[in-house]
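A.B. asks: What follows is a structure written as structure tokens; I'll ask about it next.
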Amino acid sequence: MVTAANRGWRTATVSGVRRPIARAVQLRLDVHDRVDHLPGQHYVVRLTAPDGYTAQRSYSVASAPGDPLVELFVERLDDGEVSTHLADVVERGDELEVRGPIGGWFVWDQVSPALLVAGGSGVVPFVSMLRTARALGRTDLLRIAVSARTREELPYADELEEAGALVVLTREANGIRPAGRLTAADLVPLWEPGQTAYVCGSSGFAEAAGQFLVELGVDPAAIRVERFGPSGGPA
Amino acid sequence: MPPPTRGFLGRRQRDPRLPPGQYDVGTDWPVLTAEPTPRIAPETWSVTVDGRVEAPTTWTWDEAHRLPRSEYRGDIHCVTTWSKFGTWFAGVSVDTLLEAARPTAEAQFVMATSKTGYTTNLPLADVTGGKAWLVWEFDGKPLPIEHGGPVRLLVPHLYFWKSAKWISKLTLMARDQPGFWEQNGYHDRGDPWRQQRYQGD
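Here the protein sequences line up with chains A and B, keeping their order.
According to the numbering used here, the first sequence is numbered sequentially starting from 1.
According to the numbering used here, the second sequence is numbered sequentially starting from 1.
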């Protein structure tokens, strides 16, 4: 399986820092001695304190493999140890320790049809898939549905809309569509036999979207799920 | 030691119960799965121990509950860097199942298989000697489905992807074979105290 994890940690120079939406940061990294990722893979970022204490977290890659830089999109969690540093402290020119690309499961093979269903910052691996498909001239292979609270909070909103993604907003209307959660019915026109379905989002979102797909008759073996964040409920 | 990251001081409180690179998730219990959550009724659940054993054996829900009860109280550690302190699980020791199935002399490894087809491999020595359980209770209540209920494997001294949810089979093997995440870049053993997260660690 393609993974550079076993090649260990390497240094990345921060080439760009942008904050396109509130409570998030987009980092453009020049990863030294980089191995190309597959769309859907992630990197680990490790921070080291002067006393040797370390903290590390995984972040999905948003860029396509052909991009000379690795783009990470990081949601800033108020109690997050790594995301607050990346969002509040990191500047262009800083060096970060990274490891990757990692993950051989939640990846798009670039030739098969795929249904991509994301909630919030779960869109990030799909942006990588979309950019890869664009570079290959094969955006016809991808069907995308994304959900966010508001359009302002949806990462890569313009790019996703341009690609024809279904955009569901839970806290405000989107055109003629009233505010409301993603439903199984939303996915009916997007589903085609032969697709692999990818679901990425918070635990609650991933659970619901995965069940919608199963209800629609999608073989559970054709559904790949990536969850992040807290459980959303009491332990 | 890697060079310090500019401007990063890290948490002031360093809990000795935390393996390197881990943080305390508190009362939360994140759910991480690579597939949709299956719906499994306890009445239809069973677990089989097979492979390099003298007596392949299957236990139903009721049969498993008639085995001697065994508990784990302690910490769990996920490779995604959260750790959860002071958990309480109850079920049956894997030792009890192996006593009945009787591994042969060649048996050195175990492949744990879930109802979903998820697999994870373990050295036999990591699931014997009071180190592994099949559990159906958490905090005195039925194990929730999203956390692997009705029954999951529990191997708390290794990263938690080794504790296969919705466990249905333990297959004893003479030779090691990689399971699901182990084929996808993750470490074969997964000892959190040695930070065995990825292949090559």
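Cβ atoms here follow ideal geometry from the backbone N, Cα and C, with glycine treated the same way.
(1) Looking at VAL135 (chain B) and TYR101 (chain B), is the spacing between their C-beta atoms short of 9 angstroms?
(2) State the start and end residues of the unbroken alpha helix (DSSP H) segment that holds PRO125 (chain A).
(3) What residues are listed by DSSP as bridge partners for PRO123 (chain B)?
(4) For SER121 (chain A), which residues in chain B fall below 9 angstroms Cβ to Cβ?
(5) Pull up the DSSP beta-bridge partners for HIS77 (chain B), would you.
(6) Looking at the unbroken beta strand (DSSP E) that takes in GLU91 (chain A), where does it start and where does it end?
(7) Residues in the stretch 2-24 of chain B with C-beta within 8 angstroms of chain C's C-beta atoms, listed in sequence order?
(8) In chain order, what residues of the same chain have a beta carbon less than 7 angstroms from the beta carbon of ALA321 (chain A), not counting five sequence neighbours either side?
(9) Taking the alpha helix (DSSP H) that TRP181 (chain B) belongs to, which residues open and close that run?
(10) Who are the Cβ neighbours of ALA64 (chain A) in its own chain at under 8 angstroms, not counting the five residues just before and after it?
(11) Measuring CB to CB, does HIS32 (chain A) end up less than 9 angstroms from THR48 (chain A)?
(12) So with CB distances below 7 angstroms, who are the chain B contacts of GLY52 (chain A)?
(13) Could you tell me which whole alpha helix (DSSP H) segments of length 4 or greater appear in the stretch 18-55 of chain A?
(14) Using the three-state DSSP reduction, which class does ARG14 (chain B) fall into: helix, strand or coil?
(15) By Cβ distance below 6 angstroms, which residues in the same chain neighbour LEU182 (chain A) in space, the five residues on each side in sequence not counted?
(16) Closest to GLU207 (chain A) by CA distance: which of B:ARG11, B:ALA34 and B:GLY21 is it?
(17) With a CB to CB cut of under 7 angstroms and the five nearest residues on each side skipped, what residues in its chain are close to VAL2 (chain A)?
(18) Take the Cβ of GLN26 (chain A) as the centre, count every other Cβ of all protein chains shown within 10 Å, and call the residue buried at 16 or more, exposed below.
(19) Closest to VAL79 (chain B) by C-alpha separation, out of B:ALA125, B:GLY21, B:THR60 and B:ASP28, would be which residue?
(20) Who are the neighbours of LEU32 (chain B) on chain A, taking C-beta pairs under 7 angstroms?
(21) Does any C-beta atom of chain A lie closer than 9 angstroms to the C-beta of PRO38 (chain B)?
(22) DSSP state of ILE145 (chain B), grouped into three classes?
(23) Give the DSSP-derived three-state secondary structure of ALA5 (chain A) in the structure shown.
(24) List the residues of chain B that GLN56 (chain A) touches, going by C-beta distances under 7 angstroms, in chain order.
(25) For ALA174 (chain B) and GLU91 (chain A), I'd like the C-alpha separation in whole angstroms.
(26) Between the stretch 106-120 of chain A and the stretch 76-84 of chain A, are three or more C-beta pairs nearer than 8 angstroms?
(27) I'd like to know whether the C-beta atoms of THR96 (chain B) and TYR72 (chain B) end up nearer to each other than 9 angstroms.
(28) Using 9 angstroms as the threshold, is the C-beta distance between GLY91 (chain B) and VAL151 (chain B) below it?
(29) Drop a sphere of 10 angstroms on the beta-carbon of TRP45 (chain B), count the other beta-carbons inside from all chains shown, and report buried for 16 or more, exposed for fewer.
(30) Quick one: what does DSSP say THR210 (chain B) is sitting in, helix, strand or coil?
(31) Taking only beta carbons into account, state which residues of the stretch 102-119 of chain B come closer than 8 angstroms to chain A, listed in chain order.
(32) Is the stretch 117-128 of chain B touching the stretch 174-187 of chain B in the sense that three or more CB pairs, one from each, lie closer than 8 angstroms?
(33) What did DSSP end up calling ALA242 (chain A) once you bin it into helix, strand or coil?
(34) If you follow the alpha helix (DSSP H) that TRP61 (chain B) is in, where does it begin and where does it stop?
(35) Kindly indicate the opening and closing residues of the beta strand (DSSP E) around GLU137 (chain B).
C.D. replies: In terms of the structure at hand:
(1) If you number the second sequence from 1, residue 101 (chain B) lands on position 101. If you number the second sequence from 1, residue 135 (chain B) lands on position 135. Per the sequence shown, residue 101 (chain B) should be read as Ala rather than Tyr. Not in contact: ALA101 (chain B) and VAL135 (chain B) (Cβ atoms no closer than 9 angstroms).
(2) Indexing the first sequence from 1 puts residue 125 (chain A) at position 125. First-last of the alpha helix (DSSP H) with PRO125 (chain A): 124-136.
(3) In the second sequence, the residue the question calls residue 123 (chain B) occupies position 123. B:PHE109.
(4) In the first sequence, residue 121 (chain A) corresponds to position 121, counting from 1. Near SER121 (chain A) there are no residues of chain B at all, since even the closest Cβ is about 15 angstroms away, more than 9 angstroms.
(5) Counting from 1 along the second sequence, the entry for residue 77 (chain B) is found at position 77. In the DSSP output, where bridge partners are listed per residue, HIS77 (chain B) has B:SER83.
(6) Numbered from its first residue, the first sequence carries residue 91 (chain A) at position 91. Run containing GLU91 (chain A): none; DSSP gives neither H nor E here.
(7) The question asks about chain C, but that chain is absent: this structure's protein chains are A and B.
(8) Only positions 1 to 235 of chain A appear in this structure, which leaves residue 321 (chain A) out of reach.
(9) Your numbering for residue 181 (chain B) matches position 181 in the second sequence. 180-183 is the span of the alpha helix (DSSP H), which, as asked, contains TRP181 (chain B).
(10) For the purposes of this step, residue 64 (chain A) is identified with residue 64 of the first sequence, where counting begins at 1. If we look at ALA64 (chain A) and ignore the five residues flanking it on each side, its Cβ neighbours are PRO39, SER128, ARG131, THR132, ARG134 and ALA135.
(11) For the purposes of this step, residue 32 (chain A) is taken as residue 32 along the first sequence, with counting starting at 1. For the purposes of this step, residue 48 (chain A) is taken as residue 48 along the first sequence, with counting starting at 1. Not a contact, by the Cβ cut-off of 9 angstroms.
(12) For the purposes of this step, residue 52 (chain A) is identified with residue 52 of the first sequence, where counting begins at 1. Under the 7 angstroms cutoff, chain B gives MET1.
(13) none
(14) Start at 1 with the first residue of the second sequence, and residue 14 (chain B) comes out as number 14. In this structure, ARG14 (chain B) counts as coil in the three-state DSSP scheme.
(15) Locating residue 182 (chain A) in the first sequence gives position 182, where the first residue counts as 1. Answer for LEU182 (chain A): SER147 and VAL168, listed in chain order.
(16) As a position in the first sequence, residue 207 (chain A) is number 207, starting the count at 1. Taking only the C-alpha atoms, the option nearest GLU207 (chain A) is B:ALA34.
(17) Working through the first sequence from its first residue, we reach residue 2 (chain A) at position 2. With a pLDDT of 44 at VAL2 (chain A), under the threshold of 50, the modelled position of this residue cannot be trusted; read the value that follows with caution. Closer than 7 angstroms at the Cβ level, and outside the excluded window around VAL2 (chain A), lie LEU38 and GLY104.
(18) By 1-based counting over the first sequence, the position of residue 26 (chain A) is 26. Flag for GLN26 (chain A) reads buried.
(19) On the second sequence, position 79 is the one that residue 79 (chain B) refers to. It is B:GLY21 whose Cα lies nearest to the Cα of VAL79 (chain B).
(20) Indexing the second sequence from 1 puts residue 32 (chain B) at position 32. Under the 7 angstroms cutoff, chain A gives ARG227.
(21) Along the second sequence, one-based indexing puts residue 38 (chain B) at 38. With 9 angstroms as the cut-off, PRO38 (chain B) counts as an interface residue toward chain A.
(22) Counted from its first residue, the second sequence places residue 145 (chain B) at position 145. DSSP places ILE145 (chain B) in helix when its eight states are reduced to three.
(23) Here the question's residue 5 (chain A) lines up with position 5 in the first sequence. The pLDDT assigned to ALA5 (chain A) is 49, lower than 50, so where the model puts this residue is not dependable, and the model offers no usable value.
(24) Residue 56 (chain A) sits at position 56 when you count from the first residue of the first sequence. Within chain B, the residues near GLN56 (chain A) are GLY21 and THR81.
(25) Taking the second sequence and counting its residues from 1, the one referred to as residue 174 (chain B) is at position 174. Taking the first sequence and counting its residues from 1, the one referred to as residue 91 (chain A) is at position 91. ALA174 (chain B) and GLU91 (chain A): Cα-Cα distance of roughly 52 angstroms.
(26) no
(27) What you label residue 96 (chain B) is simply residue 96 of the second sequence in a count that begins at 1. What you label residue 72 (chain B) is simply residue 72 of the second sequence in a count that begins at 1. In this structure, TYR72 (chain B) does not lie closer than 9 angstroms to THR96 (chain B) by Cβ.
(28) Here residue 91 (chain B) refers to the residue found at position 91 of the second sequence. Here residue 151 (chain B) refers to the residue found at position 151 of the second sequence. Cβ atoms of GLY91 (chain B) and VAL151 (chain B): closer than 9 angstroms.
(29) Counting from 1 along the second sequence, the entry for residue 45 (chain B) is found at position 45. Answer is buried; the Cβ neighbour count reaches 16.
(30) What the structure shows of chain B is the stretch from 1 to 201, and residue 210 (chain B) is not part of that stretch, so it cannot be assessed.
(31) THR116 and GLY117
(32) yes
(33) Shown here, chain A extends from 1 to 235; a query on residue 242 (chain A) therefore has no answer.
(34) Residue 61 (chain B) sits at position 61 when you count from the first residue of the second sequence. Where TRP61 (chain B) is concerned, the enclosing alpha helix (DSSP H) stretches over 61-65.
(35) Position 137 of the second sequence, counted from the first residue, corresponds to residue 137 (chain B). Where GLU137 (chain B) is concerned, the enclosing beta strand (DSSP E) stretches over 133-138.
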